[in-house]
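First the structure, in the form of structure tokens, and then the observations on it.
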Amino acid sequence: MVALLVQFKNVILTLIQVMNTWMRDMKFFGWRSAVLLIFTVPALIIIYNMKISTTLRFIEKLLDVPASCPSSISEQSITPLENTQHFLVSAYMDQRVKGFDIRIIGIFKRDSIHPLYCSFCCEGVFNKTTPATVLINKDHFGFPFSATNVLCKIPESCDASHVTVLTQPFTKNVSNPIWLPIRNKKSHDQKERKLNFTVCISTLFGNYNNVLQVAQSLQMYRLLGVERVMIYKTSCGPELERLLQSYIQEGFVEMVPWPIDKYLNPSWGWRFEKDGGDLHYFGQIVTLNECIYRSMERSHYILLNDIDEIIMPYKHDSLVSMMNMLESKHSKVGEFLFESHIFPKTHFDKSRRFHLPQWEKVPGSNILEHIYREEPDRRKYLLQKMIVKPRFVEQTSVHEVLKNFGRRFYVPPAICHVIHVRVPLHKSVELKDLHEDKRLWHFQEKLIPNVDKVLQRAGLIN
Numbered sequence: 001m002v003a004l005l006v007q008f009k010n011v012i013l014t015l016i017q018v019m020n021t022w023m024r025d026m027k028f029f030g031w032r033s034a035v036l037l038i039f040t041v042p043a044l045i046i047i048y049n050m051k052i053s054t055t056l057r058f059i060e061k062l063l064d065v066p067a068s069c070p071s072s073i074s075e076q077s078i079t080p081l082e083n084t085q086h087f088l089v090s091a092y093m094d095q096r097v098k099g100f101d102i103r104i105i106g107i108f109k110r111d112s113i114h115p116l117y118c119s120f121c122c123e124g125v126f127n128k129t130t131p132a133t134v135l136i137n138k139d140h141f142g143f144p145f146s147a148t149n150v151l152c153k154i155p156e157s158c159d160a161s162h163v164t165v166l167t168q169p170f171t172k173n174v175s176n177p178i179w180l181p182i183r184n185k186k187s188h189d190q191k192e193r194k195l196n197f198t199v200c201i202s203t204l205f206g207n208y209n210n211v212l213q214v215a216q217s218l219q220m221y222r223l224l225g226v227e228r229v230m231i232y233k234t235s236c237g238p239e240l241e242r243l244l245q246s247y248i249q250e251g252f253v254e255m256v257p258w259p260i261d262k263y264l265n266p267s268w269g270w271r272f273e274k275d276g277g278d279l280h281y282f283g284q285i286v287t288l289n290e291c292i293y294r295s296m297e298r299s300h301y302i303l304l305n306d307i308d309e310i311i312m313p314y315k316h317d318s319l320v321s322m323m324n325m326l327e328s329k330h331s332k333v334g335e336f337l338f339e340s341h342i343f344p345k346t347h348f349d350k351s352r353r354f355h356l357p358q359w360e361k362v363p364g365s366n367i368l369e370h371i372y373r374e375e376p377d378r379r380k381y382l383l384q385k386m387i388v389k390p391r392f393v394e395q396t397s398v399h400e401v402l403k404n405f406g407r408r409f410y411v412p413p414a415i416c417h418v419i420h421v422r423v424p425l426h427k428s429v430e431l432k433d434l435h436e437d438k439r440l441w442h443f444q445e446k447l448i449p450n451v452d453k454v455l456q457r458a459g460l461i462n
């Protein structure tokens with residue numbers, strides 16, 4: 001195009017030279033030719049200037065867009081958003097909400113929300129921006145930072161592979177943005193078998209090292225039919241690290257690094273006025289939502305619970321048979337809620353039947369020794385944990401789904417409830433106030449040798 005303009009310019013200059021010649025010899029060419037030339041040359045000059053202007057705008061537009069993308073892809077689980085106090089975690093294809101195609105999980109400072117824009121990498125081309133909609137999770141418990149969703153629409157005729165978030169509605173002067181890969185894109189080539197059950201556990205922090213209870217809980221979940229456990233880890237003790245690495249190698253555990261303490265001052269509690277900090281409980285709600293979307297296309301059901309909790313069926317020997325029964329009666333339900341029952345680790349089985357010598361030097365609680373549970377006070381707010389169908393969930397908190405596309409069902413505790421072995425809810429609780437519950441003992445014949453095997457594999461017992 002530049003070469004054509006040069007040729008056009010040369011033609012104009014030639015015409016001007018000819019005009020000068022004609023003007024010197026008006027008698028030879030006649031007055032009609034002179035008039036024609038006087039009108040023609042200015043018209044050509046105007047056209048030339050218009051061509052120059054249009055071409056410069058075209059070149060400028062080309063220069064605004066990088067030659068290729070993505071140039072810099074985030075490989076971190078937490079990515080600072082440039083020119084803001086916010087953080088991005090991951091991006092997912094999600095077209096369940098009308099008008100949007102992409103959902104970005106993030107951590108945003110609640111008092112610093114400004115207009116944002118999404119730009120997409122469309123088959124290697126840095127595309128134009130679309131306005132973003134920011135949704136703060138309502139369960140922020142007063143902390144300055146909160147779990148957040150950023151919703152965007154993909155431009156037409158764009159096969160987007162990556163997305164980035166900008167603070168301006170144009171891509172000019174954006175030299176090297178950080179791109180997030182878009183997950184959960186449907187592929188006709190890859191048809192991964194869906195898992196039945198995935199457990200989402202968040203978050204490990206404070207050098208947590210309750211090795212024996214974790215080993216027992218993971219093996220218990222295996223017996224119940226769980227096929228994968230997702231764990232978001234900030235820190236844990238050395239023995240627990242060895243145990244988890246053993247599970248990772250065999251594919252049962254998937255670990256997501258969660259270095260939230262490198263970016264914020266995460267709280268050790270859930271109430272800002274009491275515990276302080278920037279973000280609720282090391283970002284527990286962020287990781288639960290992230291885990292749901294990460295598992296959305298690869299798991300039928302997701303269990304949302306802590307690492308010291310087991311969602312335990314009492315009328316069935318597996319989660320599979322229990323959920324088949326519940327599904328047959330409640331097919332439109334996407335959120336199944338289960339009461340949490342505390343088994344205080346301050347009270348032990350008097351027979352000491354399962355006080356096994358091979359486990360004495362393994363750090364942590366032996367859940368088989370704790371058979372007494374507190375009865376929940378149903379007059380107050382009941383703590384519950386969930387099994388959800390991820391396609392029915394838009395946004396969750398710890399104890400309930402906040403936005404969903406299905407119904408909710410409270411499962412009677414006689415059918416299933418949570419076994420939570422921990423410190424007692426009431427410090428003064430006495431044995432006479434507790435109820436005997438030996439449900440875990442029904443699995444002891446398979447549970448004990450399986451725990452021994454995994455502890456041996458991790459080098460934690462001989």
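Going by the UniProt record's numbering, the letters in the sequence shown line up with residues 1 to 462, in that order.
C-beta atoms are modelled at their ideal positions from N, C-alpha and C, and glycine is treated no differently.
Quick caveat, the model's predicted, so the values are computed rather than measured.
It is roughly 42 angstroms from the alpha-carbon of Ser299 to the alpha-carbon of Lys432. For Gly364, the CB contacts under 6 angstroms within the same chain, skipping 5 residues up- and downstream, are Asn210, Val211, Leu212 and Gln213 in chain order. Judged by DSSP in its simplified three-state form, Gly106 adopts strand. Collapsing the DSSP output to three states places Ala215 in a helix. The three-state secondary structure of Trp258, taken from DSSP, is coil. Taking Val229 as reference, the option from Pro424, Glu339 and Thr203 with the minimal CA-CA separation is Thr203.
Collapsing the DSSP output to three states places Tyr232 in a strand.
Counting only runs that start and end inside the region 124–156, the beta strand (DSSP E) elements of at least 3 residues fall at 125–131, 133–136 and 145–152.
Annotated three-state conformation of Lys403 is strand, per DSSP.
Within the model, the alpha-carbon separation for Cys122 versus Asn305 is close to 38 angstroms.
DSSP, read as helix, strand or coil, puts Thr346 in coil.
Arg422 carries a strand assignment under DSSP once its states are collapsed to helix, strand and coil.
Residue Pro266 holds the alpha-carbon nearest to the alpha-carbon of Gly276 among Pro266, Gly283, Met312 and Gly237.
Look at Pro390 here: in three-state DSSP terms it is helix. Bounds of the beta strand (DSSP E) holding Ile178 are Ile178 to Arg183. As DSSP reads the structure, Thr164 sits in a beta bridge with Ser119. Bounds of any alpha helix (DSSP H) do not take in Cys200; it lies within the beta strand (DSSP E) bounded by Leu195 to Leu204. One thing to note: Ala147 has its Cβ no nearer than 7 angstroms to the Cβ of Phe120. The C-beta distance from Val163 to Cys152 rounds to 7 angstroms, short enough to meet the 8 angstroms contact threshold.
Listed in chain order, the non-local C-beta contacts of Leu243 below 8 angstroms within the same chain comprise Val211, Val214, Ala215, Val454, Leu455, Ala458 and Leu460, local neighbours out to five positions each way being set aside. Around the beta-carbon of His114, fewer than 16 other beta-carbon atoms lie within 10 Å, marking it exposed. For Met93, the enclosing beta strand (DSSP E) covers residues Phe87 to Met93. Taking 7 angstroms as the cut-off, the Cβ atoms of Leu425 and His399 do not count as close. Going by beta carbons, Val401 and Glu339 fall outside the 7 angstroms limit.
By the Cβ neighbour-count rule, Phe282 is buried, with 16 or more other Cβ atoms within 10 Å of its own.
DSSP places Thr287 within a helical segment (H, G or I) once states are collapsed to three. Leu288 and Pro449 have their C-alpha atoms roughly 31 angstroms apart. Checking the DSSP bridge columns, you'll see Val333 partnered with Arg407.
Nearest to Pro80 by alpha-carbon distance, out of Lys438, Thr167, His370 and Lys138, is Thr167.
Taking a cut-off of 8 angstroms on C-beta distances, the region 370–377 touches the region 340–356, as three or more cross pairs fall below it.
Of the candidates Tyr247, Ile387, Lys380 and Ile367, the residue whose Cα lies closest to the Cα of Pro344 is Ile367. The beta carbon of Val256 sits closer than 6 angstroms to those of Ser77 and Tyr232, all from its chain and outside the five residues before and after it, given in chain order. Looking at the DSSP output, His114 bridges to nothing. Boundaries of the beta strand (DSSP E) around Ser299: Ser299 to Leu304. For the 7 angstroms CB-CB criterion, Trp270 and His280 form a contact. A direct Cα-Cα distance of roughly 38 angstroms separates Leu356 from Lys380.
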